[in-house]
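Just below is one structure, and these are the notes that go with it.
There are 2 protein chains.
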Amino acid sequence: MRKEHLLAPGPTQVPPDVLLEMAKPVFHHRTAAYRKLHQEVLEDLKAIFRTKNDVYTMTSSGTGSMESSVVNVVSPGDKTLVVQGGKFGERWVQLSKAFGANPIVINVEWGKPADPEEIRKQLKANPDVVAVYTTLVETSTGVVTDMQAIGSIVKETNALLVCDGISSVGAIPMETDAWGIDMLVVGSQKALMLPPGLAFITVSPKAWKAIDARKPAAYYFDLKKARKNIATFDNPWTPAVTLMVGLKKSLELIKQRGIEQIWKDHARLARATRAAVKAMGLKLFADPPADCVTAVLMPESIDGETVFKKLRGDHGITIAGGQDQAKGRIIRISNMGYVDDSDVVIIISALERVLAEMGHKFALGSGLAAAQQELMQKA
Amino acid sequence: MRKEHLLAPGPTQVPPDVLLEMAKPVFHHRTAAYRKLHQEVLEDLKAIFRTKNDVYTMTSSGTGSMESSVVNVVSPGDKTLVVQGGKFGERWVQLSKAFGANPIVINVEWGKPADPEEIRKQLKANPDVVAVYTTLVETSTGVVTDMQAIGSIVKETNALLVCDGISSVGAIPMETDAWGIDMLVVGSQKALMLPPGLAFITVSPKAWKAIDARKPAAYYFDLKKARKNIATFDNPWTPAVTLMVGLKKSLELIKQRGIEQIWKDHARLARATRAAVKAMGLKLFADPPADCVTAVLMPESIDGETVFKKLRGDHGITIAGGQDQAKGRIIRISNMGYVDDSDVVIIISALERVLAEMGHKFALGSGLAAAQQELMQKA
Numbered sequence: 012m013r014k015e016h017l018l019a020p021g022p023t024q025v026p027p028d029v030l031l032e033m034a035k036p037v038f039h040h041r042t043a044a045y046r047k048l049h050q051e052v053l054e055d056l057k058a059i060f061r062t063k064n065d066v067y068t069m070t071s072s073g074t075g076s077m078e079s080s081v082v083n084v085v086s087p088g089d090k091t092l093v094v095q096g097g098k099f100g101e102r103w104v105q106l107s108k109a110f111g112a113n114p115i116v117i118n119v120e121w122g123k124p125a126d127p128e129e130i131r132k133q134l135k136a137n138p139d140v141v142a143v144y145t146t147l148v149e150t151s152t153g154v155v156t157d158m159q160a161i162g163s164i165v166k167e168t169n170a171l172l173v174c175d176g177i178s179s180v181g182a183i184p185m186e187t188d189a190w191g192i193d194m195l196v197v198g199s200q201k202a203l204m205l206p207p208g209l210a211f212i213t214v215s216p217k218a219w220k221a222i223d224a225r226k227p228a229a230y231y232f233d234l235k236k237a238r239k240n241i242a243t244f245d246n247p248w249t250p251a252v253t254l255m256v257g258l259k260k261s262l263e264l265i266k267q268r269g270i271e272q273i274w275k276d277h278a279r280l281a282r283a284t285r286a287a288v289k290a291m292g293l294k295l296f297a298d299p300p301a302d303c304v305t306a307v308l309m310p311e312s313i314d315g316e317t318v319f320k321k322l323r324g325d326h327g328i329t330i331a332g333g334q335d336q337a338k339g340r341i342i343r344i345s346n347m348g349y350v351d352d353s354d355v356v357i358i359i360s361a362l363e364r365v366l367a368e369m370g371h372k373f374a375l376g377s378g379l380a381a382a383q384q385e386l387m388q389k390a
Numbered sequence: 012m013r014k015e016h017l018l019a020p021g022p023t024q025v026p027p028d029v030l031l032e033m034a035k036p037v038f039h040h041r042t043a044a045y046r047k048l049h050q051e052v053l054e055d056l057k058a059i060f061r062t063k064n065d066v067y068t069m070t071s072s073g074t075g076s077m078e079s080s081v082v083n084v085v086s087p088g089d090k091t092l093v094v095q096g097g098k099f100g101e102r103w104v105q106l107s108k109a110f111g112a113n114p115i116v117i118n119v120e121w122g123k124p125a126d127p128e129e130i131r132k133q134l135k136a137n138p139d140v141v142a143v144y145t146t147l148v149e150t151s152t153g154v155v156t157d158m159q160a161i162g163s164i165v166k167e168t169n170a171l172l173v174c175d176g177i178s179s180v181g182a183i184p185m186e187t188d189a190w191g192i193d194m195l196v197v198g199s200q201k202a203l204m205l206p207p208g209l210a211f212i213t214v215s216p217k218a219w220k221a222i223d224a225r226k227p228a229a230y231y232f233d234l235k236k237a238r239k240n241i242a243t244f245d246n247p248w249t250p251a252v253t254l255m256v257g258l259k260k261s262l263e264l265i266k267q268r269g270i271e272q273i274w275k276d277h278a279r280l281a282r283a284t285r286a287a288v289k290a291m292g293l294k295l296f297a298d299p300p301a302d303c304v305t306a307v308l309m310p311e312s313i314d315g316e317t318v319f320k321k322l323r324g325d326h327g328i329t330i331a332g333g334q335d336q337a338k339g340r341i342i343r344i345s346n347m348g349y350v351d352d353s354d355v356v357i358i359i360s361a362l363e364r365v366l367a368e369m370g371h372k373f374a375l376g377s378g379l380a381a382a383q384q385e386l387m388q389k390a
């Protein structure tokens with residue numbers, strides 16, 4: 012009978028309309044019906060990603076699309092430039108190494124964003140860098156990076172700009188073309204309001220040049236194969252048909268609301284969440300904080316893992332704890348995708364009671380009151 | 012209002028109970044609930060695959076698990092032995108080449124199985140072959156290969172035996188351990204009665220030795236990462252949670268019926284299908300034919316593509332046509348997974364009428380009568 016509330020930064024809640032759409036009988040993918048669906052989905056994704064570049068869907072976790080953005084453009088021995096300021100920056104480093112590239116790693120303090128000037132400096136010192144790997148929102152820390160500034164720097168060089176938008180695109184502004192993102196990778200289970208299992212990647216003309224100049228050691232994630240198949244709106248491999256059907260539905264919901272309005276909606280909920288935790292005497296871990304996930308620093312005396320466990324065990328709320336060096340020190344509350352005012356009120360109410368039980372001193376209700384002030388404002 | 016009938020060799024029909032299970036709210040994968048589900052699913056898969064070896068689930072098409080069985084055991088320059096007797100044998104060749112291996116290709120006439128003695132001969136002449144890549148049922152031709160015989164040969168050598176069981180395992184007998192299959196790859200959207208998006212792979216101790224001796228150029232499909240994560244029943248990357256939930260349900264249905272009974276059920280439906288098309292004066296394309304997909308040779312005067320299109324357009328039935336050299340010459344009828352007597356009657360009835368319209372001479376109803384004789388028999 013207990014209600015479960017999913018407020019982790021992925022997987023996120025899926026609207027009932029999308030779940031029910033996916034419960035319809037499975038159909039074959041080598042059909043006009045699938046190709047029409049695929050074409051429409053790609054058009055909608057381009058609108059959300061703000062790009063005229065090619066977009067591809069792949070059946071994999073987001074990490075699959077990250078791998079695709081590495082294996083197709085990097086050859087063994089190539090130099091890459093990687094921003095590492097959390098778990099997902101680390102993944103970029105691991106991917107570069109796994110496929111024999113030599114990453115120059117820009118280490119960034121957890122909770123802080125990459126400094127665009129450091130990227131400019133490194134690219135000047137290393138004009139042979141093939142691609143710059145970045146993260147729009149580092150989910151492990153909740154920080155958002157100024158991708159527009161980085162784009163303006165990288166576009167003046169021969170290097171490609173690759174951006175992990177898995178935990179952010181669809182929730183906060185991303186202007187793929189205007190900012191000069193050559194490859195944007197996105198996952199289904201975050202702001203796009205779908206279960207995990209689909210990933211997306213955009214490819215700019217500049218990226219295609221790099222891809223066409225290489226014979227990649229790739230097969231499943233080979234983008235040239237994907238390009239060949241997209242001519243007829245096919246996939247190289249059997250696609251996850253039910254997830255594609257769900258995607259069509261979730262994109263319809265997004266279109267109805269409008270992507271710019273959705274960005275504003277996320278900003279409003281994030282403001283309410285931040286105001287609430289600050290009113291409870293807590294501090295934010297990230298600076299600047301992203302508008303899709305709020306990482307909250309726990310007081311010295313409070314173990315974040317216990318907070319996380321009590322929220323789930325006593326209140327049925329799944330958020331995320333901290334990872335690695337942030338384990339026990341932070342909790343992470345997502346407002347990505349199918350989340351509204353009621354979810355913010357639920358998590359803040361439960362968090363107040365958990366922290367009060369654990370001995371944190373603050374006025375019970377102060378978090379909720381602060382959230383209310385923000386929720387009174389229109390997006 | 013039209014009823015749609017899916018009888019293609021993948022994706023196949025998904026039971027309503029499974030579809031509805033997947034329509035439940037999404038939950039997080041870093042939870043005790045997911046880990047328990049994962050553990051149970053792996054145990055059930057082992058029972059179906061008849062193996063005590065490790066089994067891994069991955070979020071991808073079947074091709075992803077094929078790639079995994081290549082990148083983890085083959086290094087650039089390694090020699091592989093590949094049976095190529097159709098589209099999926101070709102995929103093994105392409106995979107070997109994509110990752111820098113040198114495949115010795117055993118070309119087999121389409122519709123015929125690999126000759127185990129040819130494999131023995133090649134392994135004797137090439138004792139440095141790292142792995143033998145085979146296909147239990149070559150879906151493009153409908154032929155079944157004697158994997159037990161091949162297993163008895165390969166197990167006496169240093170080579171690994173890798174078997175593509177994507178379009179067959181769960182429908183026809185597969186004795187992974189008894190036959191000496193080192194790596195078996197399976198997909199979700201065939202006999203396991205799920206939508207596409209999950210793939211499976213088994214790894215024998217002999218295969219682990221080969222894997223541990225290498226540093227693969229792999230990341231998403233890195234089996235060592237998967238092994239590390241399975242210790243806590245985790246996946247290295249966010250799993251397709253809804254498909255895993257559906258899998259649990261479909262495995263329950265399979266367990267209820269019993270895998271050996273399901274093999275017999277498939278054999279019975281395949282006998283009925285074969286008897287029907289023979290009674291209509293048609294010939295089988297494959298020898299020996301698999302009990303999960305029936306490839307039917309069209310008469311000289313009949314274009315298989317037209318048959319395929321009329322079945323879909325006029326009767327709402329999706330089967331498969333022929334590919335490449337078999338295009339227009341054959342049609343392929345699947346009885347994999349969630350298929351019963353009613354489906355056989357529906358496809359044979361429609362096929363009779365389509366062929367009669369197209370001028371093929373036979374007694375209308377003769378196919379159905381022959382199917383009836385077989386359907387009178389218990390599995």
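From first to last, the protein sequence lines stand for chains F and Y. Residue numbers for the first sequence, in the numbering used here: 12 to 390. Residue numbers for the second sequence, in the numbering used here: 12 to 390. For each residue, glycine too, the CB sits at the ideal point set by N, CA and C. In this text, all values refer to a predicted model and were calculated from it rather than measured experimentally.
Taking the alpha helix (DSSP H) that residue i falls in, what are its first and last residues?
i: D223(F); result: P216 to D223
i: M77(Y); result: G73 to V82
i: M362(F); result: The sequence shown places Leu at residue 362(F), rather than the Met named in the question. From DSSP, the alpha helix (DSSP H) with L362(F) extends over D352 to E368.
i: I59(Y); result: A43 to F60
i: M194(F); result: Looking at the DSSP string, M194(F) is not in any alpha helix (DSSP H); the run it does join, the beta strand (DSSP E), is M194 to G198.
i: R323(F); result: G315 to H326
i: V93(F); result: Not the alpha helix (DSSP H): V93(F) falls in the beta strand (DSSP E), residues K90 to Q95.
i: S377(Y); result: S377 to L386
i: D188(Y); result: T187 to W190
Report yes if the C-beta distance between residue i and residue j is below 8 Å; otherwise report no.
i: G75(Y); j: F232(Y); result: yes
i: P299(F); j: P124(F); result: yes
i: A390(Y); j: Q267(Y); result: no
i: A290(F); j: S72(F); result: no
i: F60(F); j: V66(F); result: yes
i: D175(Y); j: F99(Y); result: yes
i: W190(Y); j: Q336(Y); result: no
i: P114(F); j: T91(F); result: yes
i: N64(F); j: S215(F); result: yes
i: T213(Y); j: L195(Y); result: yes
i: V365(F); j: K294(F); result: no
i: L203(F); j: A283(F); result: no
i: V256(F); j: M33(F); result: yes
i: G208(F); j: A251(F); result: yes
Between residue i and residue j, which are expected to be in contact by the criterion C-beta below 8 Å, what is the C-beta distance as a whole number of angstroms?
i: T145(Y); j: V180(Y); result: T145(Y) to V180(Y), Cβ: 13 Å. No contact.
i: T150(F); j: V304(F); result: 6 Å
i: T23(Y); j: Q200(Y); result: 6 Å
i: I344(Y); j: V307(Y); result: 7 Å
i: A170(Y); j: A136(Y); result: The pair is not a contact, with the Cβ atoms about 12 Å apart (cut-off 8 Å).
What does a CB cutoff of less than 6 Å around residue i pick up in its chain, not counting 5 residues either side in sequence?
i: E15(F); result: G327
i: I323(Y); result: Before going further, note that residue 323(Y) is Arg rather than Ile in the sequence given. Closer than 6 Å at the Cβ level, and outside the excluded window around R323(Y), lie T329.
i: I359(Y); result: A287, G378, L379 and A382
Which same chain residues, not among the five before or five after residue i, have their C-beta less than 7 Å away from its C-beta?
i: F403(Y); result: Chain Y is shown only over 12 to 390; residue 403(Y) falls outside these bounds and no answer can be derived.
i: E78(F); result: L106 and F232
i: A286(Y); result: A381, A382, Q384 and E385
Over what stretch of residues does the beta strand (DSSP E) that includes residue i continue unbroken?
i: V307(Y); result: V304 to L308
i: V85(Y); result: Where V85(Y) is concerned, there is no enclosing beta strand (DSSP E), given that its DSSP letter is neither H nor E.
i: D298(Y); result: No beta strand (DSSP E) contains D298(Y), which DSSP labels as neither H nor E.
i: V66(F); result: D65 to T70
i: S312(Y); result: Careful: S312(Y) lies outside any beta strand (DSSP E) and carries neither H nor E.
i: I344(F); result: I341 to S345
Excluding sequence positions up to five away, which residues of its chain have a Cβ less than 8 Å from the Cβ of residue i?
i: E131(F); result: The amino acid occupying residue 131(F) in the given sequence is Arg; Glu does not appear at that position. Excluding sequence neighbours, R131(F) sits near I164.
i: E368(Y); result: K321
Indicate whether at least one CB of chain B lies closer than 8 Å to the CB of residue i.
i: F244(Y); result: Among the protein chains of the structure shown, namely F and Y, there is no chain B.
- Taking only runs of the beta strand (DSSP E) that begin and end inside the region 105-185 of chain F, which ones reach a length of at least 3 residues, in chain order? As for any beta strand (DSSP E) of minimum length 3 sitting wholly inside the region 105-185 of chain F, the runs are 113-118, 140-146 and 171-175, ordered along the chain.
- Query: Where are the alpha helix (DSSP H) runs, 4 residues long or more, that stay fully inside the region 213-285 of chain F, in chain order?
  - Reply: Fully enclosed alpha helix (DSSP H) runs of 4 or longer: 216-223, 234-241 and 252-268.
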